[in-house]
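Notes follow once the structure below has been shown.
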Amino acid sequence: MLQRKKLSTTIGASSYAYLHNMVKAGKAESVGEAVDKAVELARRLDNRASLERQTAAYFKGMTSQAAAEETDLEDALSTASQEMDFDQP
């Protein structure tokens with residue numbers, strides 16, 4: 010079981026209502042779990058934004074030869090994926 014940490018603070022009324030509604034809707038078992046879920050979502054969004062920035066910097070900084078190799082890989086992957094039947098189990 011994950012170790013829980015005590016958090017004692019005040020939050021805005023609308024934030025509390027949102028968390029409480031998550032519990033009422035069955036999306037969380039407690040307000041604490043609703044906070045965990047909200048933080049998890051925020052972290053996921055932060056990580057995605059960071060990955061986007063890092064990816065953009067990678068492509069911006071590559072040489073023309075590396076960019077050509079990336080294009081070749083992209084074309085090969087596109088061709089291979091067209092041959093796959095994604096509807097098959």
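In terms of our numbering, the sequence shown opens at residue 10 and continues consecutively. Glycine included, each C-beta is placed from N, C-alpha and C at the ideal position.
task = Compare the beta carbon distance of leucine 28 and valine 44 with 8 Å and say whether it is the shorter of the two.
result = yes
Phenylalanine 68 versus Arg57, Ala58, Thr80, residue with shortest Cα-Cα distance = Thr80
Range of the contiguous alpha helix (DSSP H) that encloses glutamate 100 = As shown, the chain starts at 10 and ends at 98. That puts residue 100 outside it, with no answer to give.
inquiry  = Suppose contacts are defined by Cβ-Cβ distances below 8 Å. Is alanine 22 in contact with methionine 31 by that definition?
reply    = Alanine 22 is not a Cβ neighbour of methionine 31, given a cutoff of 8 Å.
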